[in-house]
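In this text, residue positions in the sequence shown follow my numbering: the first is 44, and each later residue adds one.
Here a beta-carbon is modelled for each residue, glycine too, at the ideal position from N, C-alpha and C.
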Amino acid sequence: MPRRPRKCGGHCGEDHVLVLGQIELDDDQAEPTLEQYRQLAVVVCPTPANPLFAQVAEELDMVGRDGPDDQFRMLRTSDSYAGQMGGREVIEEHLKGVDKLPRRKEWQQAFSHLLAVTAAASQDTFWFMDTDAPETVESLTKKMARQWAKVWAQSDEALGVTAADRRAVQALHEELMDDVAEYL
């Protein structure tokens, strides 16, 4: 079996692993099937991505809620949840964190960071559906696409990923862009 190129000194753990996608259960299905689990893509990132993914996902999930136990999400209007960041601001803030990494040639960190943000953004669609300003969503998705283009210009070796990792992440990003385009 071919070995994966890694520069993590053998210290790669669960923080480096991201499962892409979600399992949707049928109405009469109590638990996912083994086949449904096998269809999920698993990416082993060159640097920790799971903690950032969890942070972004939690921040996005809190948008429009009064607290973590609140099941209702209020749509954004000019005076709703004032003082809170909306979903677009959450995405924008985390994409800013990627900006400096390519300039410093930190491609593995850029890959992991951008994947964490993309994966969280694809799981919680409220950030692009809750808008009366679709141009801001379009601007964010264009920025994300530009950042991915810079990352994809690097070799798999430079990114610390496999060709399968690249294909899975590209598919995730394309699916997110399709979802946004369909909604807008």
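Keeping to the same chain, check which residues put their C-beta closer than 7 Å to that of residue i; ignore five residues upstream and five downstream.
i    : result
L219 : T161, A164, S165
D199 : T205, A206, R209
V212 : V86, L158
E135 : L183
V180 : R131, F171, T174, V223, L227
In this structure, does DSSP put residue i in helix, strand or coil?
i    : result
L63  : strand
V223 : helix
V87  : strand
S182 : helix
L68  : coil
K148 : coil
Q82  : coil
A188 : helix
E135 : helix
V141 : helix
P94  : helix
Q213 : helix
E101 : helix
For residue i, which residues of its own chain have a beta-carbon under 6 Å away from its beta-carbon, when the five flanking residues on both sides are left out?
i    : result
T235 : Because the chain is modelled from 44 through 227, residue 235 falls outside the range shown and cannot be assessed.
L83  : V62, G64
L144 : Q152, A153
Quick check: residue i and residue j, are their CB atoms within less than 8 Å of each other?
i    : j    : result
A92  : L63  : no
L157 : Q197 : no
L215 : A159 : no
V99  : G130 : no
M187 : L138 : yes
V223 : T184 : yes
L227 : P177 : yes
Excluding the 5 residues preceding and the 5 following residue i in the sequence, name in chain order all residues of the same chain whose CB lies nearer than 8 Å to its CB.
i    : result
D142 : Q190
V194 : P145, W150, A153, F154, L157, L202
L68  : E74, P75
Which stretch, first to last residue, makes up the alpha helix (DSSP H) that contains residue i?
i    : result
V204 : Here V204 belongs to no alpha helix (DSSP H), and DSSP marks it neither H nor E.
Quick one: does the C-beta of residue i sit closer than 7 Å to a heavy atom of the ligand ADP?
i    : result
A214 : The ligand content of the structure shown is nil, which means the ligand ADP is not present either.
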